[in-house]
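Trainee:
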Amino acid sequence: MNLSSLCVGPFEENCWLLHDPARAEVVAIDPGDEAARIGTAITRLGARLVAIWLTHAHLDHIGGIEGLRRAWPGVPVHLHPADAPVYARGAQAAALYGIPFEQPAPADHALADGMSLAFAGETFTVHHVPGHSPGQVAFVSDAHCFSGDLLFAGSIGRTDLPGSDPEAMRASLVRAAAWPPHLVVHPGHGPETTIGAELATNPFLTGAAQVLRRRG
Ligand SMILES: [Zn+2]
Ligand SMILES: [Zn+2]
Numbered sequence: 017m018n019l020s021s022l023c024v025g026p027f028e029e030n031c032w033l034l035h036d037p038a039r040a041e042v043v044a045i046d047p048g049d050e051a052a053r054i055g056t057a058i059t060r061l062g063a064r065l066v067a068i069w070l071t072h073a074h075l076d077h078i079g080g081i082e083g084l085r086r087a088w089p090g091v092p093v094h095l096h097p098a099d100a101p102v103y104a105r106g107a108q109a110a111a112l113y114g115i116p117f118e119q120p121a122p123a124d125h126a127l128a129d130g131m132s133l134a135f136a137g138e139t140f141t142v143h144h145v146p147g148h149s150p151g152q153v154a155f156v157s158d159a160h161c162f163s164g165d166l167l168f169a170g171s172i173g174r175t176d177l178p179g180s181d182p183e184a185m186r187a188s189l190v191r192a193a194a195w196p197p198h199l200v201v202h203p204g205h206g207p208e209t210t211i212g213a214e215l216a217t218n219p220f221l222t223g224a225a226q227v228l229r230r231r232g
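Residue 17 is where the sequence shown starts when you use the working numbering, and the numbers rise one by one after that.
Listed below in structure tokens is the structure:
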């Protein structure tokens with residue numbers, strides 16, 4: 017699997033492209049904006065888009081969906097159903113920020129905790145890690161973790177937004193603190209990191225690891 021990313025839109029969101037060169041297929045994680053730029057990147061790989069996986073449904077993660085669906089009709093969108101209301105309010109939220117936004121058609125497939133998604137010879141386990149949003153998930157394989165807005169290099173996602181739940185966020189971070197330290201974290205915003213680096217330096221994950229140790 018080859019991996020690349022584009023930083024898109026006013027919220028500088030990371031859209032991750034998982035590329036299977038053998039099959040000339042791409043999965044896009046969180047195509048948040050600038051569908052044309054994302055589409056060009058996929059075309060330059062000589063590939064076609066076969067699925068959209070969403071870590072959660074905040075408007076900065078879903079604004080590029082409709083544009084990509086025009087280029088690749090019928091490409092399925094995968095979302096945890098707890099974020100369906102957030103997804104449906106995308107245009108409303110964008111209007112509050114005064115930014116242009118294209119409301120995507122409803123998602124096609126429901127993600128669930130523990131579900132496996134296979135792509136390019138890798139298996140990704142879906143971890144439901146609410147707190148930043150009710151339907152936030154992480155896609156975790158043997159080597160990679162797509163963390164959305166759960167975990168960033170040196171920080172975590174906001175928990176003061178409508179639908180956020182600081183208590184649930186704490187529980188989700190305890191879960192993340194148990195993930196293998198070698199996992200490369202590809203977050204929804206900012207630079208990549210590893211679980212190990214965050215366990216060492218990110219106070220939110222350090223604190224979560226202490227809770228984990230106290231539990232034994
Ligand atoms: Zn978010
Ligand atoms: Zn975000």
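Cβ atoms here follow ideal geometry from the backbone N, Cα and C, with glycine treated the same way.
Remember, it's a predicted structure, so these values are computed and weren't measured experimentally.
#1: Which residues end up in the neighbourhood of ligand 1 when you take C-beta atoms closer than 5 angstroms to any of its heavy atoms?
#2: Check the DSSP bridge columns for Trp-69 and list the partner residues they point to.
#3: Given that a residue counts as buried once 16 or more other Cβ atoms are within 10 Å of its Cβ, and exposed if not, what is Tyr-103?
#4: The alpha helix (DSSP H) spanning Val-227 covers which residue range?
#5: My output table needs one value for Ser-171: the three-state DSSP class, helix, strand or coil.
#6: From the DSSP output, which residues share a beta bridge with Thr-59?
#7: Just mark Glu-50 as buried or exposed, buried being the case when its beta carbon has 16 or more other beta carbons within 10 Å.
#8: Alpha carbon to alpha carbon, what distance is there between Ile-78 and Phe-168?
#9: Just to check my reading of the structure: Glu-41 and Gly-204 have Cβ atoms closer than 8 angstroms, yes? What is that Cβ distance to the nearest angstrom?
#10: Please classify Ser-188 as buried or exposed, where buried requires at least 16 other C-beta atoms within 10 Å of its C-beta.
Mentor: The short version:
#1: Here the list is His-74 and Asp-165.
#2: Looking at the DSSP output, Trp-69 sits in a beta bridge with Ile-45 and His-94.
#3: In the assembly as shown, Tyr-103 is a buried residue. Its beta-carbon has 16 or more other beta-carbons within 10 Å.
#4: Segment 219-231, the alpha helix (DSSP H) holding Val-227.
#5: In the structure shown, the three-state DSSP call for Ser-171 is strand.
#6: Paired residue(s): none; Thr-59 is not in a bridge.
#7: That one is buried.
#8: Cα to Cα, Phe-168 sits roughly 19 angstroms from Ile-78.
#9: Contact flag wrong, Cβ pair sits at about 23 angstroms.
#10: Classification of Ser-188: buried, given that the 10 Å Cβ count is 16 or more.
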